[in-house]
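As structure tokens, the structure follows; a few thoughts come after it.
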Amino acid sequence: MNRTAALAALALVAVALCAPPAEPCCMVPASYKGSISQSGQEAVLLYHEGREDLILKIHYQIKGDTMPDRFAWIITVPNEPDAYEVADPALFEQVHGWALRLVNPPKQSWEFGVKLEAPRAAAAGLEFGRAVKVGPYDIQPVRALGREALDSLNAWLSANGFPTEDPGHMAYFVDNKFTFLCVKVKPAEGEKSVARAAGLVPLHLSFRTPEPYYPLRFSSRQGVFDVTLYTLTRDHFDFSTAGDSLRRINWKDEGFERNVPVTPDLFPDALSKAYGKSGFKSLGGRWHLNLLRGYGVNEGNTIATWSKDLFFATIPPPAGNAIVIALAAVAGIAILAVVFVAGRRSRGPAAA
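Counting in the numbering used here, the sequence shown runs from 27 upward without gaps.
Shown next, in the form of structure tokens:
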């Protein structure tokens, strides 16, 4: 079987590992005479104390005389998600306008419903998570356990008719025990083929991670595209520590306000619905919003040269904020006390 044919099988059965010459992240069937690339990615990232809810949307383009009946979308995550959902298709349109107004850029206008199947039996050195069907997607999590497991993994791939994987290509993900999610994208209801170009229905994942994470390193052969990332963190997003990750996506400081305080009751409708199904649905109080945009990602500092994926960092809000609030409260109490005493004196002593 040639490498192109193997990719068709890969998309069909949702195995989450790609052959080096293919186009990781998105791939079309082998028999299809054409190619797929991305023009943009959007995400809402909510993070607090080792838990992340990530809502992803990619904009793809397929070149060919006809359109295929499916393609695959590969997503890497530090740990297997414990909840899946699809978000409102209007979410990013709503979030964009809402967030842009809040960050105030100068000189610019402009219960999870999933069906969980029983875990599949594991081959040596390979761990299968629970197969998931959610919205228009079929998802199979796959995790390779350790560098020594690659021989077993390649044996399994070969036995099932797929090309073997280059250990060097997978070293980072295997060494760090990432989970691969292979998402089979099917045509819209009533259609026989996928659209030539479209934005996918936003996919909502919830998983554990020690730091805020955005999956991008596996998109090394997706061409040049833009990334728009809306982060919502309980602590402040740490721009200083995240400097390397921001540089790699060609982020530029556009003068946006940073760490804008927001509360869930002020979220736009589609985001509010997604929040109500998130791992944070019972958590009220203040979040901090940032709008990060990367232009021409994979150009110049190409993804293929990255030694690691995109991780960010958070820090507690400055202590000065708490001090100011406390002083304001004390001052308010003092003013009320003065007003109360002055009022009593103006009335004079009570009649006997």
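Backbone N, C-alpha and C define an ideal beta-carbon position, used for all residues, glycine too.
- Message: Distance check for residue 62 and residue 96, CA to CA, integer angstroms please.
- Response: Indexing the sequence shown from 1 puts residue 96 at position 70. Indexing the sequence shown from 1 puts residue 62 at position 36. Going by the C-alpha atoms only, they are around 11 angstroms apart.
Task: Distance, residue 75 Cα to residue 274 Cα - done: Counting from one through the sequence shown, the residue named residue 274 turns up at place 248. Counting from one through the sequence shown, the residue named residue 75 turns up at place 49. Approximately 25 angstroms, taken between the alpha carbons.
Exercise for review: Could you please give the first and the last residue of the uninterrupted beta strand (DSSP E) stretch that includes residue 251?
Suggested key: Residue 251 sits at position 225 when you count from the first residue of the sequence shown. Run containing residue 251: 251 to 259, per the beta strand (DSSP E) assignment.
(Q) For the structure I just gave you, are there three or more beta carbon pairs, one from the stretch 264 to 274 and one from the stretch 113 to 123, closer than 8 angstroms? (A) no
key: Strand pairing of residue 53, partner residues [DSSP]   = Counted from its first residue, the sequence shown places residue 53 at position 27. In the DSSP output, where bridge partners are listed per residue, residue 53 has 98.
### Own chain partners of residue 209 with C-beta closer than 8 angstroms, once the 5 adjacent residues on each side are dropped
In the sequence shown, the residue the question calls residue 209 occupies position 183. Correct list, in chain order: 40, 98, 99, 100, 101, 163, 164, 165 and 229.
- Backbone CA spacing between residue 221 and residue 213 [nearest angstrom]: Position 195 of the sequence shown holds residue 221. Position 187 of the sequence shown holds residue 213. Approximately 7 angstroms between the Cα atoms of the pair.
Assuming the contact rule is C-beta atoms closer than 8 angstroms, residue 105 and residue 235 should be a hit. Round their C-beta distance to whole Å, please. If you number the sequence shown from 1, residue 105 lands on position 79. If you number the sequence shown from 1, residue 235 lands on position 209. So it is a contact: roughly 7 angstroms between Cβ atoms.
inquiry  = What does the alpha-carbon distance come out to for the pair residue 169 and residue 318?
reply    = By one-based count along the sequence shown, residue 169 stands at place 143. By one-based count along the sequence shown, residue 318 stands at place 292. When rounded, the distance between both Cα atoms is 30 angstroms.
task: In the DSSP assignment, find the alpha helix (DSSP H) that holds residue 123 and state where it starts and stops.
output: Locating residue 123 in the sequence shown gives position 97, where the first residue counts as 1. Counting along the chain, the alpha helix (DSSP H) containing residue 123 begins and ends at 117 to 129.
Q. Relative to the alpha-carbon of residue 125, which residue among 250, 315, 298 and 343 has its alpha-carbon at the smallest distance?
A. Against the sequence shown, residue 125 aligns to sequence position 99. The residue with the shortest Cα to Cα distance from residue 125 is 315.
Worksheet item: In terms of DSSP beta bridges, what is residue 78 paired with?
Response: Within the sequence shown, numbered from 1, the residue matching residue 78 stands at position 52. Answer is 73 and 233.
Exercise. Thinking C-beta only, is residue 261 closer than 9 angstroms to residue 342?
Worked result: For the purposes of this step, residue 342 is taken as residue 316 along the sequence shown, with counting starting at 1. For the purposes of this step, residue 261 is taken as residue 235 along the sequence shown, with counting starting at 1. Taking 9 angstroms as the Cβ cut-off, residue 342 and residue 261 qualify as a contacting pair.
ask   = What residue from 64, 51, 58 and 59 has the CA that sits closest to residue 223's CA?
value = Taking the first residue of the sequence shown as position 1, residue 223 is located at position 197. That would be 64, whose Cα lies nearest to the Cα of residue 223.
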